[in-house]
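S.K.:
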Amino acid sequence: MAQNSKYPLVDFSYAFQKLVVWLTELEIGTCWMGGTFNRNSFEQEIQLEGGVFIPCITPIGYPHQKQRVFDKALRYVVKLIIKSHGKSFL
1 MAQNSKYPLV
11 DFSYAFQKLV
21 VWLTELEIGT
31 CWMGGTFNRN
41 SFEQEIQLEG
51 GVFIPCITPI
61 GYPHQKQRVF
71 DKALRYVVKL
81 IIKSHGKSFL
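Per our numbering, the very first residue in the sequence shown carries number 1; after that it's consecutive.
Below you can see the structure in the form of structure tokens.
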């Protein structure tokens with residue numbers, strides 16, 4: 001992140017989103033993973049130096065052409081939960 005920036009997380013997010021859009025244009029699958037990954041385990045795995053903060057990560061790869069039945073069912077259930085209870089329920 002830019003060290004002299006007034007809003008370093010905003011700058012990072014903008015650059016990260018540009019990466020996601022570029023990869024999507026190349027038909028490479030991505031997704032934001034902010035608070036959904038175990039930060040401590042990840043930092044140990046990549047042997048991150050102390051004091052370095054990683055706001056989010058993204059897996060990249062080529063998506064399957066067909067969705068599995070489980071994936072379709074899970075997406076359906078999540079949509080129902082959001083419709084019934086709102087996003088705050090998740």
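By construction, the Cβ of each residue, glycine as well, lies at the ideal position given by its N, Cα and C atoms. Just so we're clear, the structure is a prediction, and the values are computed from it rather than from any experiment.
Does the stretch 46-65 come close enough to the stretch 16-32 that 3 or more CB-CB pairs lie under 8 Å?
M.R.: A contact exists between the stretch 16-32 and the stretch 46-65.
S.K.: Comparing C-alpha positions only, which one of R75, Q44 and F53 sits nearest to F12?
M.R.: The sequence position of residue 12 within the sequence shown is 12, counting from 1. Of the listed residues, the one whose Cα sits closest to F12 is F53.
S.K.: Could you say which of T58, S5, N40 and R39 lies nearest to V20 if we only look at CA atoms?
M.R.: Looking up residue 20 in the sequence shown gives position 20. That would be T58, whose Cα lies nearest to the Cα of V20.
S.K.: According to DSSP, is I46 part of a helix, a strand, or is it coil?
M.R.: Within the sequence shown, the letter at position 46 stands for residue 46. Three-state result, I46: coil.
S.K.: Measuring straight from C-alpha to C-alpha, what distance separates K72 and G34?
M.R.: For this step, residue 72 is matched to residue 72 along the sequence shown. For this step, residue 34 is matched to residue 34 along the sequence shown. About 23 Å.
S.K.: Do you know how far the Cα of S41 is from the Cα of Y76?
M.R.: For this step, residue 76 is matched to residue 76 along the sequence shown. For this step, residue 41 is matched to residue 41 along the sequence shown. Answer to the nearest angstrom: the Cα atoms are 31 Å apart.
S.K.: Which residue or residues does DSSP assign as beta-bridge partners of T30?
M.R.: Walking along the sequence shown from the start, residue 30 turns up at place 30. In DSSP, T30 forms a bridge with I60.
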